[in-house]
Amino acid sequence: GVEVPLILGQDLLGALAADIDFPRRRVALRRPESVSLPEHAVTVPARRNGRALHVQAEVEGQPVELLVDTGASGALSLTLAKAEELGLAQRPGSNRASVVLGGTTQAKVVTARSMAFAGRLLEEVDVYLFPAPPVPGFPAGLLGVEAFSDARVLLDCGRGRLHLIRNGREVR
């Protein structure tokens, strides 16, 4: 299995802003009104869907709405239906363990030529494919922590906000 030392739930992430510095491996929880952003912070267009935060990305030039999931281990996970729609499901791949939506699953992993998100282009991206459970409104895909590996992230789910700070620049 995958070892997970801490899971921050939606109740906490809805009340506090998570200041996650992936390169330095630090997390701080802040009152949302106490966070001020530097000029160079990138504000990512996001929308709340229930308690979750959704953002837009492009996979091989095709738009995809993704749920921001800081519990998903890869950069990108897609339902089998969305992967078929994008032409990824038929590609050769391998089976690997993946953390998704608070659990661990075996997933087929294929490679997408590119994924664009928040002004950054990732190439040769591992894409975890999984069957969608029969739950109304289940997201077509997940944007996981690997997509943020070079950034400091301010995640304010309660207000539907996501900000990125790259190149070691600080948030006050």
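Going by the working numbering, the first residue of the sequence shown is number 30, and it counts up by one from there.
Quick reminder that beta carbons are idealized off the backbone N, C-alpha and C, glycines included.
On a predicted model such as this, the values are computed, not experimentally measured, just so you know.
Item: Cβ contact check for the stretch 134-142 and the stretch 48-55: 3 or more pairs under 8 Å; Value: no
Item: Whole-number beta carbon distance between residue 97 and residue 41, since they are thought to touch under 8 Å; Value: Not really, about 15 Å apart at Cβ, beyond 8 Å.
Item: Element boundaries [beta strand (DSSP E), containing residue 90]; Value: Counting along the chain, residue 90 falls outside any beta strand (DSSP E), and DSSP gives it neither H nor E.
Item: Separation of residue 154 from residue 192, as counted between CA atoms; Value: 22 Å
Item: Under the three-state DSSP convention, the category residue 185 falls into; Value: strand
Item: Simplified DSSP state of residue 177, which is helix, strand or coil; Value: helix
Item: DSSP beta-bridge partners of residue 108; Value: 159
Item: C-alpha gap between residue 92 and residue 72, whole angstroms; Value: 19 Å
Item: Host alpha helix (DSSP H) of residue 43 (start-end); Value: 39-44
Item: Nearest candidate by alpha-carbon position, reference residue 113, set 101, 88, 127, 99; Value: 88
Item: DSSP state of residue 71 mapped onto helix, strand, coil; Value: strand
Item: Residue 65 - DSSP class collapsed to helix/strand/coil; Value: coil
Item: Of the residues 119, 102, 148, 78, the one placed nearest residue 43, counting alpha carbons only; Value: 78
Item: Length of the line joining the Cα atoms of residue 67 and residue 135; Value: 40 Å
Item: Beta-carbon contacts of residue 70 that lie in its chain and below 6 Å, excluding the five residues immediately before and after; Value: 192, 194
Item: Chain-order list of residues whose beta-carbon lies under 8 Å from that of residue 75 (same chain, five-residue window excluded); Value: 82, 83, 84, 97, 189, 190, 191
Item: Neighbour-count burial assignment, residue 182, 16 or more Cβ in a 10 Å radius; Value: buried
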